[in-house]
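For reference, the structure is listed below as structure tokens.
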Amino acid sequence: MHTCGKALAGAGAFVCGSELLKQTLLNRARTQIFSTAQPPYLAGQIRAALRLAIPMDAERERLLETSRNFAAALRAAGWNTAGSASQIVPVIIGDNEAALAAAAHLNEAGFAVRAIRPPSVPEGQARLRLSLTTEISDDSLGKLCAALEQWSARNQPRAAAVA
Numbered sequence: 018m019h020t021c022g023k024a025l026a027g028a029g030a031f032v033c034g035s036e037l038l039k040q041t042l043l044n045r046a047r048t049q050i051f052s053t054a055q056p057p058y059l060a061g062q063i064r065a066a067l068r069l070a071i072p073m074d075a076e077r078e079r080l081l082e083t084s085r086n087f088a089a090a091l092r093a094a095g096w097n098t099a100g101s102a103s104q105i106v107p108v109i110i111g112d113n114e115a116a117l118a119a120a121a122h123l124n125e126a127g128f129a130v131r132a133i134r135p136p137s138v139p140e141g142q143a144r145l146r147l148s149l150t151t152e153i154s155d156d157s158l159g160k161l162c163a164a165l166e167q168w169s170a171r172n173q174p175r176a177a178a179v180a
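Read in order, the letters of the sequence shown correspond to residues 18 to 180 in our numbering.
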């Protein structure tokens, strides 16, 4: 089973299995029975995305290593990254308005950063979502850290720094 959302730039999901499994799901899965089918072009798009993604083990490893190093650098600077172990590195800010202001500052600095607030996260745990890709350079990550530090120096101490 695999979802076909953001990682494959698609929608929906697929299940690989025996003929018996496929027939059982087709005939008994209520969410499938009572839903509208995906457009056929989407199956082709997902197939093409999978053909590109499957052999990218080296890129995935490099991205995870970059993400781990980046999160470690943020933690060393006093930021709470909520123990991130993926290419999505959260920076816990705490206050909703502060998270929005930090995201706006980073966007002005050229980084596409979103503030994630309740109800998506617990109250008092507003955060920045930093989604890294294989294309990001060490130089860009350094500039991102510098922009975050600049915002912090002007606006507040580490609101949700590592406790």
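Virtual Cβ for every residue (Gly too), placed ideally from N, Cα, C.
Do F87 and L42 count as a contact pair if the criterion is CB distance below 8 Å? Cβ atoms of L42 and F87: not closer than 8 Å.
Where do the N-terminal and C-terminal ends of the beta strand (DSSP E) with G111 fall, by residue? Taken as a continuous stretch (DSSP letters only), the beta strand (DSSP E) holding G111 covers I105 to G111.
Measuring alpha carbon to alpha carbon, tell me which of G100, R45, L161 and G22 ends up nearest E125. Per the Cα distances, L161.
Measure the Cβ-Cβ separation of Q182 and G100 and say whether it is below 8 Å. Examination of residue 182 is not possible in this model, given that the chain is present from 18 through 180 alone.
Cβ contact check for the region 144-156 and the region 103-110: 3 or more pairs under 8 Å: Put simply, the region 144-156 touches the region 103-110. At least three CB pairs are less than 8 Å apart.
Tell me whether the beta-carbon of G29 lies closer than 8 Å to the beta-carbon of Q62. Contact check for G29 against Q62 fails: the beta carbons are separated by 8 Å or more.
Considering only the beta carbon of each residue, do G91 and T98 sit closer than 8 Å? Gly is not the amino acid found at residue 91; the sequence shown has Leu there. Yes.
Measuring straight from C-alpha to C-alpha, what distance separates Y58 and R68? If I take the Cα positions, the gap works out to 16 Å.
In or out: A180 buried (at least 16 other Cβ within 10 Å) or exposed? Legend: pLDDT at A180 = 42, less than 50; position of this residue unreliable, value from coordinates given subsequently. Exposed is the call here.
Presumed contact (8 Å Cβ cut-off) between A70 and L25, rounded CB distance: Between A70 and L25 a beta carbon distance of about 7 Å is seen, short of the 8 Å cut, so the two are scored as contacting.
My guess is that R131 and N113 are in contact by the Cβ rule of under 8 Å, so how many angstroms apart are they, rounded? With 8 Å as the limit, R131 and N113 do not qualify as a contact, their Cβ atoms being about 13 Å apart.
Give the straight-line distance between the Cα atoms of C33 and M18, rounded to the nearest whole angstrom. When the Cα atoms are used, C33 and M18 turn out to be separated by approximately 6 Å.
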